[in-house]
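Enquirer: I'd like to ask you about the structure that follows.
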Amino acid sequence: MGSMTTNTSRVSKKEYFGYFCYGFGECFNYGLVGTFILFFYTDILGISAAAASIIFLIARVWDAANDPVCAGIMDMRRTKEGKFKGYLKIIPIFVVISTTACFFAPDISLQGKVLYAGFTYIMWGVFYTISDIPFWSVSAVISGDTKEKANLACAANIGVAGGIGLASIMIPLLVQVFSNQAVETRYFLAVLILSLVGFGFMMFGYSTITERVEPPKNEKVKVRDVINALKVNKHLFRILAVFIFKFCYDVVQSIIVFFFTYNLGNATLMSVFGVIATVSALGIVVLPLLTKKFRKKDIFIAVCVLDIVLRLVWYVLGYENLAVTMVILALTAFLNALTIPCVSMMLQETIEYSEVKTGKRCEAITFAGQTFTGKLAVALAGSGTGLILTLIQYNPNGVQTDFTLNGIFLAVCVVPAIGSLCRMLLLLGYKYTETEHEKDVEILRSRRGVVQSDEMQREELVSREPVQFERVN
């Protein structure tokens, strides 16, 4: 059985901050696409909501094949700078280019615009995958310490939530800065500026990362090892099933701009919502404190229950009171922010489960599941929002009927509550908790001790060979 070797040096504060920065900068791009792309397609590019939904679904079908392949290659090969770090040096510029291309409005026929939108959106997904999989996977090789890996997950997720939130803040403001330009030019320039700023954060993050957990020198991961790692890891798929219902909350991200624009009649409130989302992300810092006293599974279930209660209360109260609306949006954003690092931590734990079963560490294929599921959630949210807008008879850039306005509110308010209910039901049957994970960690420590002992014996024999065979003249 192969087993990892670990450099015991501690993770520095600069490295924690750098890891946060990479996620922060990367998710400028994720936030831009996840929050604004449907609005850009329908209200600026002129594509129908139904056509946009088809684009999203086709892209995710492609990802179903592309993401595991990328992850498999990363698990089987190393870059000059480590297993994952090398990818973080090159790919950010392609993420910036593809994100900016998504928000370019070519002066061509409507059919041509649909084809252009589909191509650029799919390419964005490819490049984002090659950035996101090593970003999450590298946390498992920065440190072998369980607590430090959990803290790294929290730092990364604060960056992720903060990046998504800041995108919501800055885009409306930057669009106003370029108010003397055509609307499509405003969005393109705003996205370009924000993506370039994100690029700077990503490159700083890359420069701080050190990989400390090394596989044995003789360990080689093959295609069948990657496949076996997936086949045996039943807990991974349960967590990914929980994660996929993130799309119900992502519906809020996709449709909130419509809610502010038409229900509340004030599109600039989108920036306020971005501030709320960014500040709420800071609440993730309380998660390490909570995990010291409660199981992550139980924390997650409690979050789901609170989210359901808050949203049902909001639905009863309505959105006429702006203060109440913003408070509930802030509380639900805080609760959602807590769920994402819980998922990352629980996924990290399944790596050890898989290694116990197969003898191979396949971090990339594990986190490819998170990357693919996260993009699938965004696509389902975009497609679902497109379908909702079609069903409620949304009129782009026009006056909306009461039926349409009520439909938008229902999507923002009730759909995420349904997602929380589904997550809660899935978590009730989840059995791989901290106790079971610690048992697997002990098994791996025991194996590692045996491997290290055997290696020391071999080295000692080799060192003695010259003495044993030395000839005396």
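According to the working numbering, the sequence shown is numbered sequentially starting from 3. For every residue, glycine included, the Cβ atom is placed at its ideal position computed from N, Cα and C.
#1: Exposed or buried, which one is T270 when buried takes at least 16 other CB atoms within 10 Å?
#2: My understanding is that A169 touches P343, with C-beta atoms under 8 Å, so please give their C-beta distance in whole angstroms.
#3: Count the CB pairs spanning the stretch 243-252 and the stretch 417-429 that are closer than 8 Å, and state whether there are at least three.
#4: Taking a contact to mean a Cβ-Cβ separation below 8 Å, would you say L40 touches T387 in this structure?
#5: If contacts are defined as beta-carbon pairs under 8 Å, then Q395 and W138 qualify, I think. What distance do you get, rounded to the angstrom?
#6: DSSP beta-bridge partners for G84?
#7: Could you say if the stretch 127-141 and the stretch 75-88 meet the contact criterion of at least three C-beta pairs nearer than 8 Å?
#8: Could you give the DSSP three-state label for V140: helix, strand or coil?
#9: Helix, strand or coil: which one does DSSP assign to V401?
#10: Is DSSP giving V416 helix, strand or coil here?
#11: Expressed to the nearest angstrom, what Euclidean distance is found between the alpha-carbon atoms of I56 and S256?
#12: Just to check my reading of the structure: I410 and A283 have Cβ atoms closer than 8 Å, yes? What is that Cβ distance to the nearest angstrom?
#13: Nearest to K298 by alpha carbon, out of V345, E186, S141 and G127?
#14: How should A413 be labelled, buried or exposed, when 16 other C-beta atoms within 10 angstroms of its C-beta is the threshold for buried?
#15: Could you check whether G276 and G165 sit closer than 8 Å to each other, using their CB atoms as the reference points?
#16: Is the number of C-beta pairs between the stretch 57-64 and the stretch 183-191 that are closer than 8 Å three or more?
#17: Measure the alpha-carbon distance for G167 versus S448 and round it to whole angstroms.
#18: Determine the DSSP secondary structure at V288, reduced to helix, strand or coil.
#19: Return the residue from the list L429, L196, V162 and A163 that minimises the CA-CA distance to L175.
#20: Give the DSSP-derived three-state secondary structure of V215 in the structure shown.
#21: Is Y355 near N235, with beta carbons less than 8 Å apart?
#22: Would you check if the distance between the CB atom of Q432 and the CB atom of N338 is smaller than 8 Å?
#23: Under 8 Å, with one C-beta from each stretch per pair, do the stretch 357-376 and the stretch 70-78 reach the 3-pair mark?
#24: Where do the N-terminal and C-terminal ends of the alpha helix (DSSP H) with G207 fall, by residue?
#25: Do the CB positions of L308 and I330 come within less than 8 Å of each other?
#26: Output the distance between the C-alpha atoms of P290 and N153, rounded to the nearest integer angstrom.
#27: Helix, strand or coil for K433 per DSSP?
#28: Cβ of T148 versus every heavy atom of the ligand PLP: is any distance shorter than 7 Å?
#29: So, helix, strand or coil for V13, using DSSP?
#30: Please report the straight-line C-alpha distance between H439 and L349, rounded to a whole angstrom.
#31: Specify, as a first and last residue, the run of the alpha helix (DSSP H) that A383 falls within.
#32: With a cut-off of 8 Å on the beta carbons, I'd call V35 and W126 a contact; round off their distance for me.
#33: Taking only the alpha-carbon atoms, compute the straight-line gap between A119 and S385 and give it to the nearest angstrom.
#34: Run the CB neighbour count on R363, radius 10 Å, all protein chains shown included, and call it buried at 16 or more, exposed below.
#35: Just verifying my parser: in three-state terms, what is the DSSP assignment at K149?
#36: Measuring only the C-alpha atoms, how far is T210 from S141?
Expert: Looking at the coordinates:
#1: exposed
#2: About 19 Å separates the two Cβ atoms, so there is no contact after all.
#3: yes
#4: yes
#5: Wrong, their Cβ atoms sit about 40 Å apart, outside the cutoff.
#6: T81
#7: yes
#8: coil
#9: coil
#10: coil
#11: 16 Å
#12: Not quite, the Cβ-Cβ distance comes to about 25 Å (not below 8 Å), so this is no contact.
#13: V345
#14: buried
#15: no
#16: no
#17: 44 Å
#18: helix
#19: L196
#20: strand
#21: yes
#22: Reading the sequence as shown, one finds Tyr at residue 432 and not Gln. No, the Cβ-Cβ distance between Y432 and N338 is not below 8 Å.
#23: yes
#24: V185 to T210
#25: no
#26: 7 Å
#27: coil
#28: Among the ligands in the structure shown, none appear at all, so the ligand PLP cannot be discussed.
#29: coil
#30: 11 Å
#31: E365 to L393
#32: 6 Å
#33: 14 Å
#34: buried
#35: helix
#36: 13 Å
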